[in-house]
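Chemist:
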Amino acid sequence: MKTQLERASRDKGTDWQALRKDFPILDQKVHGHPLVYLDNAATSQKPRVVLEALNRYYETDNANVHRGIHELSNRSTVSFEAARARTAHFLGADSSEIVFTRGTTESINLVAQAWGAKNIRAGDTILLTEMEHHSNIVPWQLLAERVGAKIRWLPVTGDEGLLDLDRLDEFLTRDVKLFSFTHISNMLGTVNPAAELCERASKLGVVTLLDAAQSAGHCPLDVREIGCDFLAFSGHKICGPTGIGVLFGRQSLLEQTPPWQGGGEMILNVGFDKTTYKQPPHRFEAGTPDISGAIVLQVALDYLDAIGRRAIFEHDQELASYAHEKLAALGGIRLFGPKKGRAPAEGGRAGIVSFLLNDVHAHDVVTFADQRGIALRGGHHCNQPLHKKLGIESSARASFYFYNTKAEVDRLIEVIRETQKFFGGARR
Ligand code: PMP
31 MKTQLERASR
41 DKGTDWQALR
51 KDFPILDQKV
61 HGHPLVYLDN
71 AATSQKPRVV
81 LEALNRYYET
91 DNANVHRGIH
101 ELSNRSTVSF
111 EAARARTAHF
121 LGADSSEIVF
131 TRGTTESINL
141 VAQAWGAKNI
151 RAGDTILLTE
161 MEHHSNIVPW
171 QLLAERVGAK
181 IRWLPVTGDE
191 GLLDLDRLDE
201 FLTRDVKLFS
211 FTHISNMLGT
221 VNPAAELCER
231 ASKLGVVTLL
241 DAAQSAGHCP
251 LDVREIGCDF
261 LAFSGHKICG
271 PTGIGVLFGR
281 QSLLEQTPPW
291 QGGGEMILNV
301 GFDKTTYKQP
311 PHRFEAGTPD
321 ISGAIVLQVA
331 LDYLDAIGRR
341 AIFEHDQELA
351 SYAHEKLAAL
361 GGIRLFGPKK
371 GRAPAEGGRA
381 GIVSFLLNDV
391 HAHDVVTFAD
401 QRGIALRGGH
411 HCNQPLHKKL
421 GIESSARASF
431 YFYNTKAEVD
441 RLIEVIRETQ
451 KFFGGARR
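Quick note: the sequence shown uses our numbering, first residue 31, plus one each step.
Below, the structure written as C-alpha cells:
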C-alpha cells in the first residue's frame, strides 16, 4: 500500500492535508475537540513509517552493534552505520564527522566538555547570543567556571528579535575561542544568517557551533555551505524518536578532541596501566548507543527529504506569517520575533510565533487553549535570560510543522479571541 507521502509527492506540489494521514496521533479529540498540535518546537509527531520501522527493528534485527559475530549483530551494525552515512548525507558531511548522541543538549555538552576543556583557557572568551536555549548556555557556563573563561552575549534588538549585527565587530573579536549560536530561535522564530556569521568567525580563527535543534528538518541544512565547525540537532524534533541526537564535528577538530566519556566501544586497547582510543566518531560513543533510535532516525530523514526541506520551510513560514498577521489584528497582544519571513539564508522568521495577551498570564492562555484541544507551549521555553531581557517571565508559543494547516491557525485565532473575551483583556 502506498503511504500518504508517496501519494502526495506523486502530485505536483505537496498535499499537506494528505500528509496528516501518516500521523495517527493527529486523529484524536482532546477535551472533546479535534487535536490541534502546535507544540512542534518542543517535539514533533511521528509518521507511521517511523513507528513501523521501530517495531520492525525490534521484531527482526535487535542485537548489540559492533560486538557480535552473529547474524543479528551484523545486521544491526550495518543498519546503524548506514544511519550514520544517511545522517552525514542529510547534512552534507562525511560519516566520520557524525557522532550519535542523545540529543542537541548532549551534543553541545560533548563539545564543551571534550573540545572546550582542551582548547578554552583562563581569560578566553566564549561568545553566545541573548537568544540561546539553556542547552546552549549552561554547558558553557559550567566550562567557563571550570577554566576561568568569560562569556559574552551578542545582543538581541528587542521584541523584533533580531541579532544586533551592527554590533558584531564589537563582540566577535580575536580573543573569542568559540562562537556558539542558534540557527533558529525556539522562542522568537528568528532565522539567523548562519553562513554569514560563520564566515565572519572563521576569518578570525574562531570556532563555530550551530545549534540546529529548530532548523534541522525544517529548512535545507548543509554544513559545508554554512561553514560551521560543529552542529547539533535532536531526532525527536524532526519526526524521529526521542533519545537520538546528532553532533557534526569537522574532521580536523574531532581528531584533536579527546574522549569525553569512557567505556566499551570507544577503545582500541585497554590495559591495566594504559588505554588507547578509537578514531572519531567512535571515540565519542562510549557504551551501547541508541541503536534503534539511529536506525529509525534514518527513516525520518528519508521521509522529510521526500517532502523536501525547502517546501517544509516555506509551508511553516507561511503558517507562521499568517498566524502573526491574524494575531496582530486582534489587538491587545504583544508579539515577539521578526515580522517578515524571508529565505533561511537571509534571516527572517521560521514557523514559530510567541506572544503575550495584555493582562492574561501565558499559562492561562495555554490552559484555556488546551481545554479547546489546542496544544501550545507556555513558560520561558528554556530561554529565561531572553525573557528577562524582554522584561517578561513567560510567553505563549505556537510552533508549526508541515502537517499543520491554515484551518488550524484559524482555530487558534478563534480560541485566542475567546480567551481575550473570557479574561476581559481584549481591546474592544
Ligand atoms: N536548542 C534549541 C534551540 C532548542 O529549541 C532545544 C529544544 N527545545 C534544544 C536546544 C534542546 O534540545 P533537546 O532537549 O532535544 O536536547
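Don't be surprised by glycine CBs; every beta carbon is placed ideally from N, CA and C.
When you compare only the Cα positions, how much space is there between Ser351 and Val329?
Modeler: Position 321 of the sequence shown, counting from 1, holds the residue named residue 351. Position 299 of the sequence shown, counting from 1, holds the residue named residue 329. Going by the C-alpha atoms only, they are around 30 Å apart.
Chemist: I need the boundaries of the alpha helix (DSSP H) containing Phe130, first residue and last residue.
Modeler: As a position in the sequence shown, residue 130 is number 100, starting the count at 1. That residue, Phe130, is in no alpha helix (DSSP H); its beta strand (DSSP E) goes Ile128 to Thr131.
Chemist: So, helix, strand or coil for Thr220, using DSSP?
Modeler: Counted from its first residue, the sequence shown places residue 220 at position 190. Note: Thr220 maps to strand in three-state DSSP.
Chemist: Since I believe Ile150 is in contact with Leu173 (beta carbons under 8 Å), could you give me their beta-carbon distance rounded to a whole number of angstroms?
Modeler: In the sequence shown, the residue the question calls residue 173 occupies position 143. In the sequence shown, the residue the question calls residue 150 occupies position 120. Rounded, the Cβ-Cβ distance is 6 Å, consistent with contact.
Chemist: Taking 7 Å as the cut-off, is the C-beta of Asp241 nearer than that to any heavy atom in the ligand PMP?
Modeler: For the purposes of this step, residue 241 is taken as the residue at position 211 of the sequence shown. Yes; taking the cut-off as 7 Å, the Cβ of Asp241 has a heavy atom of the ligand PMP nearer than that.
Chemist: Please return the same chain residues whose Cβ sits closer than 6 Å to the Cβ of Ala179, not counting the five positions on each side in sequence.
Modeler: Translated into positions along the sequence shown, residue 179 becomes position 149. Closer than 6 Å at the Cβ level, and outside the excluded window around Ala179, lie Ile150, Asp154 and Ile156.
Chemist: Any idea if Gly47 is buried or exposed, counting beta-carbon neighbours within 10 angstroms, 16 or more meaning buried?
Modeler: Within the sequence shown, the letter at position 17 stands for residue 47. What sits at residue 47 in the sequence shown is Gln, not Gly. So Gln47 ends up on the exposed side.
Chemist: Please indicate yes or no: does the CB of His163 lie closer than 7 Å to some heavy atom of the ligand PMP?
Modeler: As a first step, residue 163 must be located in the sequence shown, where it is residue number 133. It does: the Cβ of His163 is within 7 Å (strictly closer) of some heavy atom of the ligand PMP.
Chemist: Return helix, strand or coil for Lys369, following the three-state DSSP convention.
Modeler: Here residue 369 is taken as the residue at index 339 of the sequence shown, counted from 1. In this structure, Lys369 counts as coil in the three-state DSSP scheme.
Chemist: As an exercise, report each continuous alpha helix (DSSP H) stretch of at least 4 residues that is fully enclosed by the stretch 83 to 136, in chain order.
Modeler: Listed in chain order, they are 101 to 121.
Chemist: Three or more C-beta pairs under 8 Å: does that hold for the stretch 200 to 212 against the stretch 385 to 402?
Modeler: Touching, no, given that fewer than three Cβ pairs across the two stretches are closer than 8 Å.
Chemist: Contact between the stretch 189 to 198 and the stretch 345 to 361 is defined here as three or more beta-carbon pairs at a separation below 8 Å; is this criterion met?
Modeler: They do not touch, by the three-pair rule.
Chemist: If you draw a straight line from the C-alpha of Glu423 to the C-alpha of Thr159, how long is it?
Modeler: Working through the sequence shown from its first residue, we reach residue 423 at position 393. Working through the sequence shown from its first residue, we reach residue 159 at position 129. Taking the straight line joining both Cα atoms gives about 19 Å.
Chemist: Between Gln281, His312, Gly279 and Gly275, which has its C-alpha nearest Gln291's C-alpha?
Modeler: Reading the sequence shown from its first residue, position 261 is the one you call residue 291. For Gln291, the nearest C-alpha among the options comes from His312.
Chemist: What are the complete alpha helix (DSSP H) segments, minimum 4 residues, inside the stretch 292 to 362?
Modeler: With a minimum length of 4 residues, the continuous alpha helix (DSSP H) runs that stay inside the stretch 292 to 362 are 321 to 337 and 339 to 360.
Chemist: For Val108, is the classification buried or exposed, using 16 other Cβ atoms within 10 angstroms of its Cβ as the cut-off for buried?
Modeler: The residue you call residue 108 lines up with position 78 of the sequence shown. Per the 10 Å Cβ criterion, exposed.
Chemist: Relative to the C-alpha of Gly247, which residue among Asp52, Ala71 and Thr449 is closest?
Modeler: Here the question's residue 247 lines up with position 217 in the sequence shown. Gly247 has its Cα closest to that of Ala71, out of Asp52, Ala71 and Thr449.
Chemist: Any chance the CB of Cys412 is under 7 Å from a heavy atom of the ligand PMP?
Modeler: Reading the sequence shown from its first residue, position 382 is the one you call residue 412. Cys412: yes, Cβ under 7 Å from the ligand PMP.
Chemist: Flag His248 as yes when its Cβ comes closer than 7 Å to any non-hydrogen atom of the ligand PMP, and as no otherwise.
Modeler: By 1-based counting over the sequence shown, the position of residue 248 is 218. No, the beta carbon of His248 sits no closer than 7 Å to any heavy atom of the ligand PMP.
Chemist: Quick one: what's Phe260 bridged to in DSSP?
Modeler: Start at 1 with the first residue of the sequence shown, and residue 260 comes out as number 230. Paired residue(s): Leu239 and Gly279.
Chemist: Closer than 8 Å is the cut-off here; do at least three beta carbon pairs connect the stretch 59 to 74 with the stretch 434 to 450?
Modeler: Verdict: yes, contact present.
Chemist: To the nearest angstrom, how far is it from the Cα of Ala456 to the Cα of Thr449?
Modeler: Within the sequence shown, residue 456 is the residue found at index 426, counting from 1. Within the sequence shown, residue 449 is the residue found at index 419, counting from 1. Reliability of the predicted coordinates at Ala456 is poor, the pLDDT of 47 falling under 50, and the value obtained from them is presented with this limitation in mind. Near 9 Å, if we compare the C-alpha coordinates of Thr449 and Ala456.
Chemist: So, using beta-carbon positions, are Leu284 and Pro250 closer together than 8 Å?
Modeler: On the sequence shown, position 254 is the one that residue 284 refers to. On the sequence shown, position 220 is the one that residue 250 refers to. No.
Chemist: So, does the stretch 92 to 99 touch the stretch 222 to 229, judging by three or more C-beta pairs under 8 Å?
Modeler: No: the two stretches stay apart, fewer than three of their Cβ pairs being nearer than 8 Å.
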